[in-house]
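Sequence lines, in order, name chains R and A. Using numbering that gives the first Met the number 0, you'd call the opening residue of the first sequence number 0 and step up by one each time. Using numbering that gives the first Met the number 0, you'd call the opening residue of the second sequence number 0 and step up by one each time. First comes the structure, then the notes that go with it.
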Amino acid sequence: MTNAIEYSLAELMICANASAYDNDGEVLVTGIGVLPRIAASLAMLSNNTDIMMTDSEAWLLSEPNPIGPRPADFRQKNETWMGFSRIFDNVWSGKRHLTGGPTQIDRFAQANISALGSDYRQPKVQMLGVRGFPGNSICHANSYLVPQHSTRVFVEGECDVVCTIGFNPERLPKGYSFDEIDVRQVYTNLGVFDFRGPDRQMQIVSLHPGVTVEEVQANTGFPVHVPDTIVETAPPTEAQLEIIRRIDPHNLRSKQLKDNPPGVRA
Amino acid sequence: MNKEMALSSFASELRDGMTIGVGGWGPRRKPMALIREILKSDVKDLTIVAYGGADVGMLCAAGKVKKVVFAFVSLDFIPLEPFFRAARQNGDVEVMEIDEGMMLLGLRAAAWGSPFIPTRIGLGTDVIRHNPELKVIDSPYDDKEWLAMPALKLDAALIHVDRADRRGVCQIKGPDIYMDDWMARAAAKTYVSCEEIVESDYFADEDEARFVFWERTMTSAVIPVAGGAHPTSCSPLYGFDVPHFKEYNAFAKEGGFAAYFDKYINGRSEEDYQQAVGGLDAIRKLALPVY
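Here it is as structure tokens:
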């Protein structure tokens with residue numbers, strides 16, 4: 000494995016996100032959005048070939064589809080029908096790991112994609128709606144990817160609309176334990192995080208090259224736990240970059256982060 | 000039994016205050032010709048249950064909606080439906096915002112004649128905080144609490160399919176049927192628009208009969224409208240109309256829904272509408288989306 004010397008921050012985030020699935024075994028992996036989708040595909044083509052993946056429409060694939068326009072003679076490798084109702088059967092079985100991109104994440108690992116503002120009856124900004132987030136969060140593993148780590152995303156209070164069950168003791172349903180809630184990792188432009196700090200506090204897992212603890216804390220609306228030793232996020236390997244170029248032949252990944260910054264800061 | 004109905008007769012079947020389920024998903028295979036008939040009618044105060052797209056946006060913008068039961072309202076490539084967004088931000092509509100899977104369970108409960116289906120989904124989230132009608136119950140079998148997802152009983156379901164016979168045998172050849180079968184089963188009456196009417200013998204071939212997902216007793220009326228899903232898709236026959244949706248979206252920023260309605264729908268028949276958007280041949284040539 001040869002580490003790449005030159006790579007973009009988007010490619011670094013893709014490889015970090017792909018590692019989320021290394022030990023998942025045979026589960027349905029869903030990456031919502033360009034970077035998470037490339038990451039999921041990379042994982043299926045490298046470290047976890049047991050992963051199941053859909054075509055984002057109605058079929059389960061034995062090989063991920065490249066992202067973006069495809070040649071006219073392209074034939075995807077279907078292995079079974081997987082319409083939306085069957086997706087729910089899978090979700091409720093727990094055999095799934097999703098990486099989504101919420102607009103807000105709070106200190107309880109709760110996420111929001113529904114709406115912004117303090118008045119739910121008349122939100123300041125209506126977004127998607129809760130979609131499948133409530134079910135995802137209580138049924139299976141979830142990770143999140145945040146392109147722009149800021150206090151607007153990592154909010155000081157609770158999310159304006161709490162779409163996922165997280166680790167707020169006031170919301171824990173009767174008979175349930177937080178051990179049943181499987182929030183994995185959060186991948187941002189600054190680093191990799193999880194909620195396995197003291198009392199399920201968000202903590203630093205690794206920081207991207209050149210990023211400081213101070214920068215993370217200044218851009219997070221709540222205290223982040225800082226472990227004794229902090230590693231640098233592992234760089235992509237040349238082999239990973241080669242797979243990424245195959246999955247993303249139109250280089251859509253270069254348009255996901257503002258100005259497509261390099262992985263190692265200049 | 001001949002269930003064929005003219006499109007022009009459809010809207011008079013509906014009453015103010017009805018709960019109406021709309022099939023399809025986002026910009027995919029929505030019964031838009033039926034929606035346009037509602038927009039032109041006097042029907043109002045509707046509760047709409049949908050995996051929502053422009054169907055929900057248009058009905059809200061036209062003041063037809065009292066309440067929306069939804070998990071999302073989206074046009075896919077335009078993530079936020081502009082007129083639903085405006086209706087919410089103006090506080091114009093009541094909502095019951097639930098998880099996508101909860102909606103499926105609610106439709107199944109209605110279809111099965113069960114008052115509710117227990118689920119973990121929604122627990123610990125604002126779904127239960129914002130919907131006081133959702134009750135949490137104890138289980139007779141374990142020590143956990145469960146959300147009792149109530150039946151979503153529909154007065155009417157509106158669905159668009161590829162083809163149907165006059166008795167109400169409906170076929171969907173697209174890659175996904177979404178929750179259309181459950182919408183049909185949850186409804187007192189199901190109105191199906193179709194691209195094509197076929198003779199019953201068409202289904203004698205089991206490769207055709209396999210694409211029928213509910214029994215004809217669940218279909219109340221069959222309304223032939225070729226191109227009737229436009230501007231949404233009816234895969235494999237046609238994709239969604241990207242330029243049309245972009246124009247629709249632009250009206251939300253300038254002109255408002257009234258300008259869109261006047262340009263394409265108000266005072267026009269479905270034939271007029273199709274001419275205004277380029278004709279049926281052009282609709283049938285719309286490229287299928289690549290996901």
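Don't be surprised by glycine CBs; every beta carbon is placed ideally from N, CA and C. A quick note: this is a predicted structure, and the numbers were derived from the prediction, not measured.
Worksheet entry | For Val33 of chain R, three-class secondary structure by DSSP | helix
Fill in: For Arg87 of chain A, the three-state DSSP class (helix, strand or coil)
helix
Item to complete: Assign Thr118 of chain A to one of two classes, buried (16 or more other C-beta atoms within 10 Å of its C-beta) or exposed (fewer than that).
Response: buried
Worksheet item: Is there at least one Cβ from chain R nearer than 9 Å to Lys66 of chain A's Cβ?
Response: No, because no Cβ of chain R sits closer than 9 Å to the Cβ of Lys66 of chain A.
Worksheet item: Can you check whether the CB of Tyr190 of chain A is closer than 9 Å to the CB of Trp24 of chain A?
Response: no
Fill in: Min CB distance Pro222 of chain R to chain A below 9 Å
no
Item to complete: Can you check the stretch 20–107 of chain R for any alpha helix (DSSP H) of at least 4 residues that lies completely inside it and give the ranges in chain order?
Response: 33–43, 83–92
Item to complete: Could you check what DSSP says for Asp179 of chain A in three-state terms: helix, strand or coil?
Response: If DSSP states are grouped into helix, strand and coil, Asp179 of chain A belongs with the helices.
Item to complete: For the stretch 148–180 of chain R, enumerate the residues whose C-beta is nearer than 7 Å to any C-beta of chain A, in chain order.
Response: Val160, Val161, Cys162, Thr163, Ile164, Arg170, Leu171, Pro172, Lys173, Gly174, Tyr175
Discussion item. Taking only three categories from DSSP, how would you classify Asn141 of chain R?
Written reply: Looking at Asn141 of chain R - three-state DSSP - the assignment turns out to be strand.
Worksheet item: From which residue to which residue does the beta strand (DSSP E) around Val135 of chain A run?
Response: 134–137
Worksheet item: To the nearest angstrom, how far is it from the Cα of Glu99 of chain A to the Cα of Val126 of chain A?
Response: Distance between the alpha carbons of Glu99 of chain A and Val126 of chain A is about 12 Å.
Worksheet item: Does the beta-carbon of Met0 of chain A have 16 or more other beta-carbons within 10 angstroms, so that it is buried, or is it exposed?
Response: exposed
Worksheet item: Cα-Cα, which of R:Thr187, R:Ile50, R:Arg199, R:Met51 is closest to Leu206 of chain R?
Response: R:Thr187
Discussion item. So Met57 of chain R contacts chain A; which residues on that side make the cut at Cβ distance below 7 Å?
Written reply: The sequence given here has Ala at residue 57 of chain R, not Met. Within 7 Å Cβ-Cβ: Pro174, Asp175.
Worksheet item: CB-CB under 6 Å to Glu213 of chain R, same chain, minus the five flanking residues each way: which ones, in chain order?
Response: none
Discussion item. Taking 8 Å as the cut-off, is the C-beta of Lys257 of chain R nearer than that to any heavy atom in the ligand SAM?
Written reply: In the structure on display, the ligand SAM does not appear, and there are no ligands present to speak of.
Item to complete: Tell me where the beta strand (DSSP E) around His243 of chain A begins and ends.
Response: Careful: His243 of chain A lies outside any beta strand (DSSP E), inside the alpha helix (DSSP H) at 241–252.
Practice prompt. Flag Ile97 of chain A as yes if its beta-carbon sits less than 9 Å from any beta-carbon of chain R, otherwise no.
Written response: yes
Worksheet item: So, is Asp161 of chain A buried or exposed, given that buried needs 16 or more other C-beta atoms within 10 angstroms?
Response: buried
Practice prompt. Look at the Cβ atom of Ser138 of chain A, then the Cβ atom of Asp164 of chain A, and state whether they are nearer than 9 Å.
Written response: no
Worksheet item: Going by the CB atoms, is the gap between Ile34 of chain A and Leu157 of chain A shorter than 9 Å?
Response: Yes, the pair counts as a contact, with Cβ atoms nearer than the cut-off.
Worksheet item: Hey, is the stretch 115–122 of chain R in contact with the stretch 152–163 of chain R, meaning 3+ C-beta pairs nearer than 8 Å?
Response: Flag = yes, the stretch 115–122 of chain R and the stretch 152–163 of chain R touch.
Practice prompt. For the alpha helix (DSSP H) containing Lys291 of chain A, list its first residue and its last residue.
Written response: Given a span of 0 to 290 for chain A in the structure shown, any question on residue 291 of chain A remains unanswerable.
Worksheet item: From Asn250 of chain R to Thr211 of chain R, what distance separates their C-alpha atoms?
Response: 29 Å
Worksheet item: Using a beta-carbon distance below 9 Å, is Lys143 of chain A in contact with chain R?
Response: Answer yes: the Cβ-Cβ gap between Lys143 of chain A and chain R drops below 9 Å somewhere.
Practice prompt. Please work out which residues of its chain come closer than 8 Å, Cβ to Cβ, to Met31 of chain A, disregarding the five sequence neighbours upstream and downstream, and give them in chain order.
Written response: Ala53, Asp54, His159, Gly227, Ala228, His229, Pro230, Thr231
Fill in: Chain-ordered neighbours of Asp72 of chain R on chain A, where CB pairs are closer than 8 Å
By Cβ distance, chain A contributes nothing, its closest Cβ being about 14 Å from Asp72 of chain R, past 8 Å.
Item to complete: Give every residue of the same chain whose Cβ lies closer than 8 Å to the Cβ of Asp72 of chain R, excluding the five residues on either side of it in the sequence, and list them in chain order.
Response: none
Discussion item. Closest to Ser55 of chain R by C-alpha separation, out of R:Glu155, R:Pro260, R:Asn64, R:Asp118, would be which residue?
Written reply: R:Asn64
Discussion item. For a contact defined as C-beta to C-beta under 9 Å, what are the partners of Lys123 of chain R on chain A?
Written reply: Going along chain A in sequence order, the residues near Lys123 of chain R (Cβ under 9 Å) are Gln88.
Worksheet item: Which value, in whole angstroms, describes the spacing of the CA atoms of Gly209 of chain R and Gln75 of chain R?
Response: 40 Å
Fill in: Nearest neighbour of Phe340 of chain R, chosen from R:Asp198, R:Gly100, R:Glu179, R:Arg130 [CA to CA]
Examination of residue 340 of chain R is not possible in this model, given that chain R is present from 0 through 265 alone.
Practice prompt. Let me know the alpha helix (DSSP H) ranges lying completely inside the stretch 139–173 of chain R, each 4 residues or longer, listed in chain order.
Written response: Taking only runs of at least 4 residues, no alpha helix (DSSP H) segment lies wholly in the stretch 139–173 of chain R.
Discussion item. Using DSSP's beta-bridge definition, name the partner residues of Pro261 of chain R.
Written reply: R:Ser7
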